[in-house]
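With my numbering, the residue at position 98 of the sequence shown is 98, and numbering never jumps.
A virtual CB, placed ideally from N, CA and C, is assigned to each residue, including glycine.
These notes concern the structure reproduced below.
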Amino acid sequence: MSKDQGDEQGLSAQSSRSQSPQQTKRKKQFQIDFFIEWKYIEQDELKNILEDVKSQYDVKSIQLNRNNQIPGLDGTAFSIIDSDDSKLNLQLEAINKILSLIEQKKNHTFEMMMLIPEGTVSYLIGTSGKQIKNIQLETKTDVVVNNAINKFSLRSVKIAGQSDCIYNAIKLITNKLHQRGITEDDYIKRAEPLDPGKLITKVQLIFMDVIVDYILKNKDLEKKYQIKMKSKSINEIPIKNKLKKDEEILQLVGTLKNVQEAIKSIIRKISSQFKRLEFDVRVVMPANFASKLIGAKGCQIKELANKAKGAQIKVMSDKDDTDIGQYCLVQVIGSVEHKLEATVLILEQIECFKNGGPILESGKYINENFAQQYKNSVSIQDIKQKRQKSSSSRSSRRLRSRSDSNKRHKKQKKSRSTSSNQRKSKYNPFQTKIVVPINLIEQMKKKLNRIGKEEGVNIQADNKEFRDEFVLKLRGEMKNCLNAIQLILSEQCKLQRR
């Protein structure tokens, strides 16, 4: 998760809201939990430091804690425990001593993870991330609330800096949580992954007013997908990008799954009704999500474009806008299928940002960029498992049907049918298309010929041609076609940078 932890509405939705400490009895024993990676200090060295500090301070327990081991991350968890609240300052002094000893043995600057209950995350972040930003400014540290990890009860808060600065941040966080109070419910709460079938979302798209009027007349869409649609003027929402006078906002409200299906239908209806009209899809997005969607060196937006079969996706904003309520546009260009695939993925990403980020399969990816974290999130892994199950069920059904047919037919007929199927597969190669900007096609001609020869793929121009795009047809084995597409996209990126 990025440093601006709160979404445009304030709190991270993924972080469960904690109850008031007055409603539930406060936890008697205030336990302070930590995790440090082995790249900063080995477990045996840390164990010696903890034993040394325990002998110097009158604290009930300072020890390694295997129960808090972050799954998939190489490091050591330890806890400082004392049921006496009056000894809180003594516990903090012990932490300061531990940090100074680690600094003496290792680098001057390092990272420590503080482990806090899930129910206290939204309180620590504060409205629009203000509280955590104040902690960073006051202590001169880099503080990041990491994404939740599946089946791990605590949330890790990464604190980086010099040992005295890390101590000041830990002290400030501990005192704030102590003043608020830690409840049993805070430890019971868990971060939950997105459920598209239950999550209610509001999506806003920019189209020409003629298109918006046409869509709103299709009342059957609201009934079929159980959504609500209405138009808004371009002045109703503070969008950073300038819009034309003949453009309007189409707003859809419903579950994420239903809205995604409705948008697919809307894009198809527009393309069939307005055949001569060139249109793009522009999604309204909170401006503070711009850099997240783009990702480090554009890795996230490239990943989205690849998933959307080569659609062109552009975030129409130079940098994040920290002001609450500011919006920017995400533009999608390409064929009908490209547009609908990319739009659905973008909506999913925006909701993931609002939800506080993906829930990771393990701590292995906690230090990775958002694109890698999203790939290894619980929801994506669930989708992969469902696909595997469906494919295995399909293959099992095929096997059953084949065995039944084998009983009915003779061996000679079976051999003939299998040989004929093999011939058909040879003479029906894989075919696909890719869109390339017209201004780059002349520069890429030689490169396209070379890619076609090297990969054994037939690359030809399609009859269809858009205003500023050129369609290429690829024909050959699926693996070779996919390799060719990757090479074409990388060459396209190189030319665009120049």
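By the beta-carbon neighbour count (other beta carbons within 10 angstroms, threshold 16), Thr127 is exposed. Leu90 sits close to Asp58, with the two beta carbons spaced by under 8 Å.
Between Glu361 and Asn150, the beta carbon gap of about 6 Å places them in contact (Cβ cut-off 8 Å). Under the three-state reduction of DSSP output, Lys140 falls in the coil class, being neither helix nor strand. Assignment of beta strand (DSSP E) within the region 94-170, counting only whole runs of 3 or more residues, yields 109-117, 142-145 and 154-162 in chain order. Shown here, Ile227 sits in coil according to DSSP, grouped into three states, outside any helix or strand. Under the DSSP assignment, Ile62 falls in the beta strand (DSSP E) whose first and last residues are Ser61 to Leu64. If you look at Lys47, you'll find it in the alpha helix (DSSP H) that goes Gln43 to Gln56. Restricting attention to alpha helix (DSSP H) runs no shorter than 4 residues, the region 274-348 encloses them at 290-294 and 299-307, ordered along the chain. Taking a 10 Å sphere around the C-beta of Asn355, we find 16 or more other C-beta atoms and assign the residue as buried. Using a 10 angstroms sphere on the CB of Asp33, the tally of other CB atoms reaches 16 or more, which defines it as buried. Here Asn449 is exposed: its Cβ has fewer than 16 other Cβ atoms, across all protein chains shown, within 10 Å.
Here Ile359 really is in contact with Ala148; their C-beta atoms are around 5 Å apart, less than 8 Å. Beta-bridge analysis with DSSP links Phe353 to no other residue. For the set Val259, Asn175 and Asp142, the Cα lying nearest the Cα of Ile200 is the one of Val259. In terms of Cα proximity to Asn146, the closest of Val121, Ile434 and Gln443 is Val121.
One alpha carbon belongs to Leu252, the other to Ile333, and they sit about 21 Å apart. Taking 8 Å as the cut-off, the Cβ atoms of Gly197 and Lys257 count as close. Boundaries of the beta strand (DSSP E) around Gln431: Phe430 to Pro437. Within a 10 Å sphere around the beta-carbon of Pro286 sit 16 or more other beta-carbons, which makes this residue buried.
Just so you know, the alpha carbons of Asp195 and Ser153 end up roughly 20 Å apart. In its chain, beyond the 5 residues on either side, Leu99, Ser100 and Glu103 have a beta carbon closer than 6 Å to the beta carbon of Ser163. Pairing Leu489 with Lys39, the inter-Cα distance amounts to about 37 Å. For the pair Leu137 and Lys130, the Cα-to-Cα distance works out to about 11 Å. Using a Cβ distance threshold of 8 Å, Val336 and Leu293 do not count as a contacting pair.
Straight-line spacing of the CA atoms in Asp213 and Ile227 works out to 17 Å. Distance from the CA of Ser156 to the CA of Lys242, rounded to the nearest whole angstrom, comes to 41 Å. The beta carbons of Gly310 and Ile441 sit no closer together than 8 Å. Taken through DSSP and simplified to helix, strand or coil, Gln69 comes out as coil.
Excluding its 5 nearest sequence neighbours in each direction, Leu50 has C-beta neighbours in its own chain below 8 Å: Ile62, Gln63, Leu64, Phe78 and Ile98, listed in chain order.
Taking the Cα positions, His338 is about 10 Å away from Lys307. Between the alpha carbons of Cys481 and Phe279 lies a distance of about 28 Å.
Excluding its 5 nearest sequence neighbours in each direction, Gln69 has C-beta neighbours in its own chain below 7 Å: Ala77, listed in chain order.
Counting the other CB atoms within 10 Å of its CB gives Asn168 a total of 16 or more, which places it among the buried residues. Within the same chain, and ignoring the five residues on either side of Pro429 in sequence, the residues whose Cβ sits closer than 7 Å to its Cβ are Arg475, Gly476 and Glu477. The Cβ atoms of Leu205 and Val283 lie closer than 8 Å to each other.
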